[in-house]
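Just so we're aligned: 83 in UniProt numbering is position 83 of the sequence shown, and the numbers increase by one with no gaps anywhere.
All C-beta atoms in this analysis are idealised placements derived from N, C-alpha and C, irrespective of residue type, glycine included.
Note that the structure is predicted; figures quoted are calculated from it, not measured.
Below you'll find the structure, written out as structure tokens, and then a few comments.
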Amino acid sequence: MPSATAPNPSPSGSAPPSLDHSLPADVKSNIEAEARKKPAARVISDRNIDNVTFGSLDAITFPAWYRCTYPKQIFGEKMDGRKGIVVNDLYVCNKCFAYSKDAPTWARHCRCCDSGVPGEKIYEHPKNKSWSVWEVDGEQEKLFCQNLSLFAKLFIDSKSVLFDVSSFNYYLLVHAADTGSQQIVGFFSKEKISFEQYNLACILIFPPWQKKGLGNILMAISYAICRMEELPGGPEKPISDLGKKGYLKFWGNEICRYLIGLKETDVKRGNGMIDLERVSRECYIKADDCLALFEAMDGEKDSEPKILQAVENEAVTEHTNDGEEKTAFQHRVRIDKALVRAWAAKEGLDLLPVVEDRGFLKIYEKRETPGNGR
């Protein structure tokens with residue numbers, strides 16, 4: 001992620017893994033096997049599609065996890081009330097996400113589909129240029145975003161926006177092979193205007209490419225946009241248990257790097273106290289998410305010693321635009337930096353930025369908080 005403390009380019013983080021689009025049979029078999037290794041709780045009993053074949057010539061087959069509402073041409077006219085598997089195999093194009101339950105129809109489509117990655121490329125990884133992120137306007141690419149959302153619903157139980165995509169932007173994580181072919185491996189969506197300052201509505205790395213740390217790239221992009229717009233943000237709530245686990249690791253990497261880099265003179269009162277709101281402002285992570293991380297770092301309430309040693313509320317007088325005085329409470333926390341370092345090492349955090357300023361091809365302008373009347 002770009003530096004949480006300054007707009008200047010940050011030291012380079014680890015390059016993402018390389019992927020091969022032309023998969024040998026043994027590699028393809030291993031990927032399919034890994035995609036099937038999901039906890040039984042993930043693959044619910046009343047899902048209506050069994051397997052998904054995703055791709056074109058080198059298609060990969062893996063199970064759907066959840067029930068999805070594809071149109072009637074997939075399920076037929078009498079879908080209502082039917083339980084269990086209705087479609088054994090769903091075939092999805094890996095370029096435009098068009099779908100069919102008929103393999104020959106899908107194969108003909110894939111042979112002639114010349115769809116490139118839609119939208120605007122906003123980021124290219126400086127060290128490994130085969131990785132990029134593209135921004136797609138749901139209003140301008142409605143059919144693509146609807147197809148993408150339907151596909152995502154197979155793997156995100158809480159995914160609710162399937163057709164009304166106009167008010168969202170979609171950010172695609174794309175890998176380019178040496179041959180020039182491009183593969184979308186995941187995405188996140190974001191409301192164009194969020195009064196709750198959500199920077200991400202849903203996020204998904206497609207099953208064959210999970211467990212490679214790729215979700216961190218998308219999280220980092222969402223917060224990098226927050227930094228450029230100068231608005232702290234966070235994911236839409238509630239977060240799934242799996243999503244929270246991923247976010248806590250990402251927040252930990254960003255906030256620990258910031259805290260460890262603080263000079264003693266930067267810390268309020270000289271006794272280790274720092275404003276929680278300041279951490280939020282500097283890292284562009286919402287204050288309640290910062291506090292959630294600190295609490296997670298301490299684990300069990302009775303554990304010793306404590307990383308988060310104290311939380312205080314201090315009354316601060318502010319003046320409104322009308323000249324009136326308003327009392328607000330400023331939350332301060334006392335952090336043990338040595339324990340922060342130890343916790344980061346225990347969690348395997350490298351404390352390096354995930355994305356870099358110099359990789360951005362689009363600059364986002366400063367925005368005012370929605371609904372603040374300014």
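Q. In terms of residue numbering, what span does the beta strand (DSSP E) encompassing H175 cover?
A. Stepping through the sequence shown from its first residue, residue 175 is reached at position 175. Run containing H175: F168 to A176, per the beta strand (DSSP E) assignment.
Q. Residues bridged to R108 by DSSP?
A. For the purposes of this step, residue 108 is taken as residue 108 along the sequence shown, with counting starting at 1. According to DSSP, which records beta bridges pairwise, R108 is partnered with nothing at all.
Q) In or out: A40 buried (at least 16 other Cβ within 10 Å) or exposed? A) For the purposes of this step, residue 40 is taken as the residue at position 40 of the sequence shown. Because the pLDDT at A40 is just 49, under 50, the model does not fix this residue reliably, and the point stays unresolved.
Q) How long is the line joining the alpha carbons of K190 and K127, rounded to whole angstroms? A) Counted from its first residue, the sequence shown places residue 190 at position 190. Counted from its first residue, the sequence shown places residue 127 at position 127. Going by the C-alpha atoms only, they are around 26 Å apart.
Q. If you check the beta carbons only, do L172 and I156 fall under 8 Å apart?
A. Position 172 of the sequence shown holds residue 172. Position 156 of the sequence shown holds residue 156. No, Cβ-Cβ distance for L172 and I156 is not below 8 Å.
Q: Kindly indicate which three-state DSSP category W65 falls into: helix, strand or coil?
A: The sequence position of residue 65 within the sequence shown is 65, counting from 1. In the structure shown, W65 falls within a coil segment according to DSSP collapsed to helix, strand and coil.
Q: Identify every run of the beta strand (DSSP E) within the stretch 177–247, keeping only runs that are complete inside it and at least 3 residues long; order them along the chain.
A: 182–191, 198–200 and 202–205
**Q.** Terminal residues of the alpha helix (DSSP H) in which V279 lies
**A.** Here the question's residue 279 lines up with position 279 in the sequence shown. Unbroken alpha helix (DSSP H) run through V279: L276 to C283.
Q: Please confirm whether D102 and N51 have their CB atoms less than 8 Å apart.
A: The count along the sequence shown starts at 1 and reaches residue 102 at position 102. The count along the sequence shown starts at 1 and reaches residue 51 at position 51. No, Cβ-Cβ distance for D102 and N51 is not below 8 Å.
Q: Please determine if the stretch 232–249 and the stretch 189–208 are in contact, where contact requires at least 3 C-beta pairs separated by less than 8 Å.
A: yes
Q: Measure the Cβ-Cβ separation of L291 and L276 and say whether it is below 8 Å.
A: Here residue 291 refers to the residue found at position 291 when the sequence shown is read from its first residue. Here residue 276 refers to the residue found at position 276 when the sequence shown is read from its first residue. Taking 8 Å as the Cβ cut-off, L291 and L276 qualify as a contacting pair.
Q | Residue nearest to V333 in terms of C-alpha spacing, selected from L351, A220 and L293 | A | Against the sequence shown, residue 333 aligns to sequence position 333. Ranking L351, A220 and L293 by Cα distance to V333 puts L293 first.
(Q) Contact defined as beta carbons within less than 8 Å: I believe L148 pairs with F97. What is the distance between those atoms, to the nearest angstrom? (A) As a working note, residue 148 is residue 148 in the sequence shown. As a working note, residue 97 is residue 97 in the sequence shown. Contact between L148 and F97 holds: their C-beta atoms lie close to 5 Å from each other, under 8 Å.
Q | First through last residue of the alpha helix (DSSP H) which encompasses I74 | A | Here residue 74 refers to the residue found at position 74 when the sequence shown is read from its first residue. Segment K72 to F75, the alpha helix (DSSP H) holding I74.
Q) Are any of the Cβ atoms in chain C nearer than 8 Å to that of F163? A) Although the question refers to chain C, the structure presented lacks it and comprises just one protein chain.
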